[in-house]
Amino acid sequence: MQGRQPAPTAARAQRGSPRTKSSAVRHGPTPLLARRTPAAGALRSPAAALCEPPRLGGAAIAAASPRTSVLGLAARQPRPPPEGGSAPSGPVPAVRPPPCRPSGRASRRHFVCRAASGSACERRAARLRRPRRCPEMARQSLSRALVTASWLAEAVRAGRVGAGLRVLDASWYPPKERNARQEFKERHIPGASFFDIEECRDKSSPYDFMLPSESHFADYVGRLGVSNDTHVVVYDGDEVGTFYAPRAWWMFRAFGHKEVSVLNGGFKNWVKEGHPVTAEVTQPTPAVFKARLNRALVKTFEEMIQNVSSLNFQVVDSRPEGRFRGTELDQGLESGHIPGAVNIPFHSFLSETGHEKSIEEIQEIFREKKVDLSKPLTATCRKGVTACQIALAAFLCGKRDVAVYDGSWSEWFHRAPPHYKVTELKRSKA
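To convert, note that position 92 of the sequence shown is 92 in full-length UniProt numbering; the numbers rise steadily by one, no gaps.
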């Protein structure tokens, strides 16, 4: 009578049969194997729990328990490389077994993913570990269009303000109200320089704040220590929180500079949060900046006139409702708007504290006004300043190609034919 065959030893169970090994090499781990539940005797002991395998790079991850599933493997994966980086290539190194193992019949195939790079196992694990965000938010998270006061304060404390990080005060006020340059001399963020919008403009134009030439802009920001590799943070001291800083932000982007951010909440909230200020004016080391105008971000009068009939792009006007409708005078100009334009006052995107509203709130504002962010969009205002608030708000939602009509209503009022000026203003009879 033939006796009962002895149970396989633990070592034999861990090594697995030759058939099991060849199957794993040819086909890789299957969902069936990943879902298998070992016998109760295969659970780890407290001592075995201390013998975790070393964390390895690449896609190969060793689990500490035979109960580990594909979800468990995904949780132990290293974070994916940053955008623009490359994933590790080549075969994945074999994972060494831990020095002590749980007892039982579980094969190593239950807790080692031996798949080569690019296998179904690795791709599924990568999908599971990737944070679930909408594409717009994923793109925006890398843009650094906004920085917080706490982030900038830490950079100032760490001494990072310099060639790699420049802080610019882009404040401007009507001459009879406030003196932006004088206020900068009295107090500003440590290490900041003054970005004078009166100097960095086309002085030959009859309209305010028109973009300067490429050479003019490059020379001006170069004297402020800004190179093409510099991260620029702009802010202003307006009481609403942010007013002129988005104009400087857009100017840098229009001339091809991507690493530019707006200080969320502006100087007003910087002071309110107790961050340091100084009256010491620093002289930055001049740098070389190469400017190249991105024509897609700037609209001319001729393009705006043509769009009235062609409707190739949407137009959003950021002025207050009274000036848009024509019921309120606009500093010497008859108010009104371009035919087909939609009115979204710029302060709609700001909270009561002067910070930018959340992405969800901004998207809802555009939806309520029936502005489709998937289609071409141009922003306008009185002189091309608060229109940049529209561009910034849309940028935060993932739309990076919003153009600004640089001349805005100031140019339109003087150049457009009368029937292209929509207004409700009642003219008094002479």
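Using N, Cα and C, we set each Cβ at its ideal position, and we do this for glycine too.
- Taking the CA atoms as reference points, K375 sits about 32 Å from L168.
- For A403, no alpha helix (DSSP H) segment is defined; the enclosing uninterrupted segment is the beta strand (DSSP E) at 403-405.
- In this structure, G164 is the residue among G164, K299, I189, K357 with its C-alpha nearest to the C-alpha of A287.
- Closest in C-alpha terms to F255, from the list A416, A403, I189, comes A403.
- When the beta-carbon positions are compared, K369 and I344 come within less than 8 Å of each other.
- Only buried fits L297, as 16 or more other CB atoms lie within 10 angstroms of its CB.
- The residues P376, in chain order, have a CB closer than 7 Å to that of N312 in the same chain once the five nearest residues on each side in sequence are set aside.
- According to the DSSP assignment, H414 belongs to the alpha helix (DSSP H) that extends over 408-415.
- The way I'd put it, the segment 205-219 doesn't touch the segment 346-361; fewer than three beta-carbon pairs between them come closer than 8 Å.
- In the structure shown, K370 falls within a coil segment according to DSSP collapsed to helix, strand and coil.
- Taken through DSSP and simplified to helix, strand or coil, N343 comes out as strand.
- Around the C-beta of P246, 16 or more other C-beta atoms lie within 10 Å, and the residue is accordingly described as buried.
- G407 has its alpha-carbon roughly 7 Å from the corresponding atom of Y207.
- For F184, the CB contacts under 6 Å within the same chain, skipping 5 residues up- and downstream, are D169, F194 in chain order.
- Judged by DSSP in its simplified three-state form, H257 adopts coil rather than helix or strand.
- A distance below 8 Å separates the beta carbons of S335 and L425.
- In the three-state reduction of the DSSP assignment, Q331 falls in the coil class.
- Boundaries of the beta strand (DSSP E) around A379: 377-380.
- Secondary structure of K203 (DSSP, three-state): coil.
- Rounded to the nearest whole angstrom, the C-alpha separation of E302 and T380 is 14 Å.
- By the 16-neighbour rule on beta-carbons within 10 angstroms, Q389 is buried.
- DSSP places Y220 in no beta strand (DSSP E) but in the uninterrupted alpha helix (DSSP H) bounded by 214-223.
- When only Cα atoms are considered, T285 and R295 end up about 30 Å apart.
- Within its own chain, the residues whose Cβ lies closer than 7 Å to the Cβ of E186, once the five positions on either side in sequence are excluded, are A279, listed in chain order.
- The residue among H257, Y220, I189 with its C-alpha nearest the C-alpha of D236 is I189.
- In the structure shown, V147 falls within a strand segment according to DSSP collapsed to helix, strand and coil.
- The three-state secondary structure of S227, taken from DSSP, is coil.
- In this structure, G274 and G241 do not form a Cβ contact; the two beta carbons are roughly 17 Å apart against a cut-off of 8 Å.
- Inclusion of I365 and S348 in the CB contact set at 8 Å is warranted, their separation being smaller than that value.
- Counting along the chain, no beta strand (DSSP E) covers Q389; the unbroken alpha helix (DSSP H) around it starts and ends at 387-396.
- Distance between P276 and Y244, taken at the CA atoms: about 22 Å.
- A direct Cα-Cα distance of roughly 43 Å separates W409 from G159.
- R253 sits buried, since 16 or more C-beta atoms from the chains shown fall within 10 Å of its C-beta.
- Secondary structure note for R323: its alpha helix (DSSP H) is the uninterrupted segment 321-325.
- Following the DSSP letters along the chain, one finds R181 inside the alpha helix (DSSP H) bounded by residues 180-186.
- Per DSSP, the unbroken alpha helix (DSSP H) holding V271 starts and ends at 266-272.
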